[in-house]
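Some notes on the structure that comes next.
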């Protein structure tokens with residue numbers, strides 16, 4: 269390892285340690301934040317929708333899809349934190365003066381957010397699946413595929429929200445992020461429906477859904493946990509997520525150059 | 036009195052002038068994007084996948100609840116400016132020097148409710164144009180829908196004003212949305228009508244009746260679909276007025292606590 273890389277890695281580690289230390293101090297608050305959405309989603313999709321006529325075979329996949337909203341909420345919080353810092357606090361300006369390349373600096377943001385989201389969301393999503401154990405079968409769960417999908421999902425959400433936080437202005441984000449970015453991507457995705465069934469009902473909408481990264485995020489979770497042929501294969505989802513992550517990184521790079529590079 | 040009233044409407048005019056200049060993006064977001072996306076998802080795809088084809092009534096029931104998101108998000112968006120103001124320029128200090136603080140708060144609630152109401156108006160007509168028979172409106176009473184829509188906007192504006200007066204800083208906003216609003220929205224009839232919740236658990240049904248948002252979704256469902264399994268419109272309208280008054284009183288109290296340092 270060259271001297272420069274070693275120095276960058278060391279500062280990266282220090283930044284990450286600082287974030288993790290901060291995270292541990294507000295872990296209980298983070299759990300409390302996530303418990304309310306978990307309870308309501310389990311209740312709505314696990315118990316109330318079947319009373320409305322939804323087949324019980326759909327409880328597990330739809331519950332997994334509904335958990336996308338939790339990941340989005342956590343991601344949006346991260347986005348507001350970063351965007352507010354750029355607009356007001358300017359802590360990022362101090363970090364810019366550190367002897368670390370931007371690539372390493374923003375990697376620390378991404379990894380820190382991935383850790384935070386994983387700690388908050390994974391145990392709660394698992395708890396929800398355990399509550400709904402009568403409707404979930406773990407017989408066909410592929411642990412390796414699931415781990416890969418979880419990591420790619422975390423990476424996708426971290427890069428997506430970081431790219432948006434840096435690329436757009438704070439006021440634009442407050443007014444337009446939900447109606448113009450999140451809601452279209454979420455509504456026209458397979459998060460609340462199963463993609464194969466949506467495609468069977470309307471092939472055009474099925475194809476449109478394939479343009480939303482959330483479709484792959486949720487279908488990957490479904491296929492790796494529930495293991496049925498009804499969902500897109502984990503390999504397809506991993507490939508598509510890798511493509512969307514690359515797009516996020518390109519947008520992030522443009523955003524950094526546009527907003528944070530004074531030269 | 037006349038002078039206060041004049042100042043009240045001058046402030047209203049000023050707010051209207053400021054926000055109407057940004058109307059294009061509000062109309063695109065709340066008048067077009069939300070109704071189009073929500074109607075495609077919740078009126079067309081979701082009912083077909085969950086309940087099978089020919090289930091327009093279910094689709095309509097689920098879709099109507101989603102107006103909650105538009106009303107709450109827009110009301111919050113408008114009221115959020117007050118939170119920024121309280122933490123920053125404190126333009127409100129100038130306003131309360133000219134007009135009684137209660138009237139300043141009332142003006143903001145009144146403006147917010149009118150603006151949210153106008154932005155919410157296209158929601159159902161756009162969905163009807165787009166979804167045709169998938170959006171069931173055979174029993175609809177449009178005047179009642181309009182009245183319910185305004186009362187919903189008023190209640191949400193008062194609720195948000197009250198919350199903004201309670202919240203100490205911008206950082207608490209996320210906590211408030213995740214811990215409180217998410218539960219209120221989901222159990223406020225976003226997807227599921229009240230009678231299903233009550234069938235599932237009568238206790239939960241009674242608890243849900245304490246949620247003001249349930250009266251918005253139930254009242255609008257009753258006004259559009261017209262079947263008697265939703266709460267009556269009169270009950271919902273009265274509940275919304277009562278809740279609006281309660282939130283207005285609470286916002287007076289919390290605002291006084293916040294700005295009065297003596």
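Chains as they are written, first to last, in the working numbering: chain L, 269 to 531; chain U, 36 to 297.
Even glycine gets a Cβ: it sits at the ideal position worked out from N, Cα and C.
Predicted, not measured: the structure shown is a model, and the values here were computed from it.
Taking a Cβ-Cβ threshold of 8 angstroms, the residues of chain U close to residue 317(L) are 85, 226 and 227, in chain order. The three-state reading of DSSP puts residue 266(U) in coil, since its state is none of H, G, I, E or B. Approximately 17 angstroms separates the beta-carbon atoms of residue 426(L) and residue 302(L); this is outside 8 angstroms, ruling out the contact. Distance from the Cα of residue 268(U) is smallest, within the candidate group 277(U), 280(U), 253(U) and 281(U), for 253(U). In chain order, 463, 466 and 467 place their CB closer than 7 angstroms to the CB of residue 474(L), counting only its own chain and leaving out the 5 sequence neighbours on each side.
Around the beta carbon of residue 229(U), 16 or more other beta carbons lie within 10 angstroms, which makes this residue buried.
Of all residues in the segment 446–476 of chain L, those with a C-beta nearer than 8 angstroms to a C-beta of chain U are 446, 447, 448, 451, 452, 455, 456, 460, 461, 462, 465, 466, 469, 470 and 473, reading in chain order. Under the criterion of beta carbons closer than 8 angstroms, residue 122(U) and residue 204(U) qualify as touching, at roughly 6 angstroms. Counting only runs of at least 4 residues, the segment 468–511 of chain L fully encloses the following alpha helix (DSSP H) elements, listed from N- to C-terminal order: 471–477 and 481–494. Residues of the segment 290–305 of chain L whose Cβ lies closer than 9 angstroms to any Cβ of chain U, in chain order: 297, 300, 301, 302, 303, 304 and 305. Between residue 485(L) and residue 421(L), the beta carbon gap of about 5 angstroms places them in contact (Cβ cut-off 8 angstroms).
Residues of the segment 86–103 of chain U with a C-beta atom less than 7 angstroms from some C-beta of chain L are 86 and 93, listed in chain order. The distance from the Cβ of residue 111(U) to that of residue 36(U) is about 32 angstroms, inconsistent with a contact at the 8 angstroms cut-off.
The contact set of residue 497(L) on chain U, defined by CB atoms closer than 7 angstroms, is empty, because the minimum CB distance reaches about 17 angstroms.
For residue 309(L), the number of other beta carbons within 10 angstroms of its own is at least 16, and it is reported as buried. The beta carbons of residue 344(L) and residue 482(L) sit no closer together than 8 angstroms. Between residue 334(L) and residue 414(L), the CB-CB gap reaches or exceeds 8 angstroms. For a cut-off of 8 angstroms, the C-beta gap from residue 191(U) to residue 106(U) is around 5 angstroms, short enough to register as a contact. Counting only Cβ-Cβ distances below 7 angstroms, residue 196(U) has no contacts in chain L at all, with the closest Cβ about 18 angstroms away. The C-beta of residue 333(L) comes no closer than 8 angstroms to any C-beta of chain U. Counting every other CB atom within 10 Å of its CB across the protein chains shown gives residue 234(U) a total below 16, marking it as exposed. Along the segment 318–383 of chain L, the alpha helix (DSSP H) occurs as fully enclosed runs of 4 or more residues at 327–334, 336–352 and 359–364, listed in sequence order. Shown here, residue 181(U) sits in a helix according to DSSP, grouped into three states. Taking 8 angstroms as the upper bound for CB-CB distance, residue 370(L) and residue 524(L) are in contact here, some 6 angstroms apart. Check the Cα spacing between residue 392(L) and each of 273(L), 306(L), 529(L) and 423(L): the tightest is with 306(L). Taking a C-beta cut-off of 8 angstroms against chain L, the contacting residues of the segment 108–141 of chain U are 108, 112 and 115, listed in chain order. At least 8 angstroms separates the CB of residue 314(L) from every CB of chain U.
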